[in-house]
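In this note's numbering, the protein residues as written are 37 to 161.
Note that the Cβ used here is the ideal one computed from N, Cα and C, for glycine as well.
What follows is the structure, given as structure tokens:
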């Protein structure tokens with residue numbers, strides 16, 4: 037079986053092959069680092085990590101950084117814009133569960149935001 041990482045006798049690496057990390061690898065590392073903060077947040081609230089929870093919290097965080105508030109439809113639309121195909125009902129159920137666990141709060145205008153305690157956990161990381 038061929039392993040591209042093992043040296044081969046008498047042949048050289050293909051032309052144009054890069055031995056260092058690419059720009060896309062760097063972007064994935066940044067995303068993983070951001071996801072790691074959210075993973076620790078979920079763990080501190082006793083919740084398991086799931087892709088939908090990561091994406092929903094990330095959507096709320098990015099909206100908060102842009103001084104915007106998102107409701108269920110807003111979160112769902114933002115996820116669809118990012119090519120994350122989640123159903124409206126799935127997003128709504130995740131938001132309800134995160135509210136019940138105290139990770140996020142629902143505001144008077146039916147928008148969602150990170151609970152102050154959860155924001156403090158993310159700021160300390």
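Applying the criterion that 16 or more other CB atoms from any shown protein chain within 10 Å of the CB defines a buried residue, is residue 150 buried or exposed?
The residue in question, residue 150, is buried, as its Cβ has 16 or more Cβ neighbours within 10 Å.
Inter-residue CB distance, residue 147 and residue 106 (contact presumed, cutoff 8 Å)
6 Å
Please go through the same chain and pick out, in chain order, the residues whose beta-carbon is closer than 8 Å to the beta-carbon of residue 153, but skip the five residues on each side of it.
138
Nearest to residue 130 by CA position, among 157, 78 and 92, is which residue?
Among 157, 78 and 92, the Cα nearest to that of residue 130 belongs to 92.
Cβ pair residue 140, residue 77 closer than 8 Å:
no
Own chain residues within Cβ distance below 6 Å of residue 85, not counting five before or after
Taken in chain order, the residues that qualify are 75 and 78.
Would DSSP call residue 150 helix, strand or coil?
strand
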